[in-house]
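The numbering of the sequence shown is the numbering used here, which starts it at 70 and goes up by one.
Backbone N, C-alpha and C fix where the C-beta goes; we use that ideal spot for every residue, glycine too.
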Amino acid sequence: MKFIVLVAILVVVTIGGLLVFRYLSNDSKDSQATLRSRTVSAIIKSCDPQHPIVFSHRGSIYDNPEHSFAGYDAAIRDGSAFIEQDVMLSKDGKLFVTHDDNLFRTTGRNIQVSKTSAKQLRTVPLGNGEKLHELADVFKHYGNKIHYIIEAKHNNVVGQNATEVDRQLALAIQKFGQGKNVIVQDSSVEGLKAFHAESGMGTVPLLYLGPASLKSIEQAPSFITFYSMNIAQTTPQLMSAVKQRGFLTDLWTLQEYADNRRAFKDLHPDSVFTNETKITLKYLNRVSE
70 MKFIVLVAIL VVVTIGGLLV FRYLSNDSKD SQATLRSRTV SAIIKSCDPQ
120 HPIVFSHRGS IYDNPEHSFA GYDAAIRDGS AFIEQDVMLS KDGKLFVTHD
170 DNLFRTTGRN IQVSKTSAKQ LRTVPLGNGE KLHELADVFK HYGNKIHYII
220 EAKHNNVVGQ NATEVDRQLA LAIQKFGQGK NVIVQDSSVE GLKAFHAESG
270 MGTVPLLYLG PASLKSIEQA PSFITFYSMN IAQTTPQLMS AVKQRGFLTD
320 LWTLQEYADN RRAFKDLHPD SVFTNETKIT LKYLNRVSE
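Given below as structure tokens:
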């Protein structure tokens, strides 16, 4: 009888240990869903190179049009907690979700966003039956069910209007109540300053898409949360310099297995942008085989 009891105890302990190991080493899709239920600030506080944040770059772009609902949905199914939007202003000041000012690469239409009205842009097809989306469309579609990381694109505008996209982005975030649900990114220091100082959105985490250089890191504004660099140009020395400034480290953009290996074996970022959400999460043992 004692032998049977001992065996039963050993079985329970073994199973329990395996479950604990699985929990610690394998963030499943359920735990990614848990991330989506937390505020962005809470996620940021708990991220580090052992628990990096994964940003789905423009959705899931290899099988779907960039910045389409289909692409975002695929990334979410693959385990994403953050979907990315690039936003720029139409001729009449509406925020549209597109990486390029000229839409030829993504739609086959030689249309320039900054010189076209919102009414015309809303009719441009993405290639899968969807139309070019406004940021408002994305917020209405997903609400608070997902987190957003949004890049302000400046359409090569210079002068007084160069930061208008940042101001309009702040207004949209406020209007749709996404202040605790979003990270804002920009390659322009002036744009980040405008968002931080003029928009009244000082609590929104900011990601600076900066050059991979020690000088730029040293000169980066102290109010940013993330300093992001091109993985192809980044070195451990630069990553260390970012940490010394007190920023979180970010890399863009992981496209294949080798990028994941270099990022997580050699550079140890706090967050990454990936074109392959499923592959990156599997590499991090966050999705069960």
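Alpha carbon to alpha carbon, how far is residue j from residue i? Give it in angstroms, no decimals.
i: Q247; j: P274; result: 12 Å
i: R386; j: T318; result: With the chain covering only 70 through 358, there is no way to say anything about residue 386.
i: V251; j: N179; result: 31 Å
i: Q237; j: L164; result: 7 Å
i: K284; j: A221; result: 23 Å
i: L190; j: D132; result: 23 Å
i: T303; j: G269; result: 33 Å
i: G315; j: K114; result: 13 Å
i: T30; j: S186; result: Only positions 70 to 358 of the chain appear in this structure, which leaves residue 30 out of reach.
i: T272; j: V253; result: 11 Å
i: A239; j: A263; result: 10 Å
i: L353; j: K312; result: 22 Å
i: I348; j: L201; result: 27 Å
i: E153; j: E287; result: 27 Å
i: R91; j: P194; result: The predicted model places R91 with a pLDDT of 39, which falls under 50 and marks its position as unreliable; any figure quoted below should be read in that light. The straight-line gap from Cα to Cα measures roughly 44 Å.
i: I300; j: A241; result: 31 Å
i: R124; j: G177; result: The amino acid at residue 124 is misidentified as Arg; the sequence shows Phe. Near 27 Å, if we compare the C-alpha coordinates of G177 and F124.
i: R174; j: S137; result: 15 Å
i: H210; j: A143; result: 15 Å
i: G279; j: S256; result: 6 Å
i: R331; j: K188; result: 44 Å
i: D339; j: V207; result: 26 Å
i: F295; j: Y141; result: 23 Å
i: T343; j: D169; result: 18 Å
i: V166; j: A310; result: 33 Å
i: K31; j: T232; result: As shown, the chain starts at 70 and ends at 358. That puts residue 31 outside it, with no answer to give.
i: A205; j: I219; result: 12 Å
i: P134; j: C116; result: 30 Å
i: I112; j: N329; result: 21 Å
Drop a sphere of 10 angstroms on the beta-carbon of residue i, count the other beta-carbons inside from all chains shown, and report buried for 16 or more, exposed for fewer.
i: A266; result: exposed
i: A281; result: buried
i: G162; result: exposed
i: A327; result: exposed
i: R127; result: buried
i: L350; result: buried
i: E325; result: exposed
i: S159; result: buried
i: S149; result: buried
i: F151; result: buried
i: V74; result: Any answer about V74 is weak, because its pLDDT of 44 lies below 50 and its placement is not dependable; what the coordinates show is given next. V74 should be labelled exposed.
Would you say residue i and residue j are within 8 Å of each other, going by their C-beta atoms?
i: S129; j: T322; result: no
i: V341; j: P118; result: no
i: L307; j: I293; result: no
i: S110; j: K334; result: no
i: N197; j: Q181; result: no
i: V234; j: V156; result: yes
i: L320; j: S297; result: yes
i: S183; j: N230; result: no
i: A139; j: E203; result: no
i: P290; j: L336; result: no
Regarding residue i and the ligand SAH, is the C-beta to nearest heavy atom distance less than 7 Å?
i: D132; result: As far as ligands go, the structure on display features none, and thus does not contain the ligand SAH.
- Message: Whether or not the segment 105-122 and the segment 198-216 are in contact is what I'm after, with contact meaning three or more pairs of Cβ atoms, one per stretch, closer than 8 Å; do they touch?
- Response: yes
- Which runs of the beta strand (DSSP E) spanning at least 3 residues fall entirely within the segment 125-198, listed in chain order? 151-158 and 164-166
- Every unbroken alpha helix (DSSP H) inside the segment 315-353 [4 residues or more]: 326-331 and 346-352
- Message: Please give the ranges of any beta strand (DSSP E) in the segment 233-263, keeping only runs that are unbroken, at least 3 residues long and fully inside the region.
- Response: 251-255
- What residue ranges within the segment 261-306 form continuous beta strand (DSSP E) runs of no fewer than 3 residues, ordered along the chain? 275-278 and 295-299
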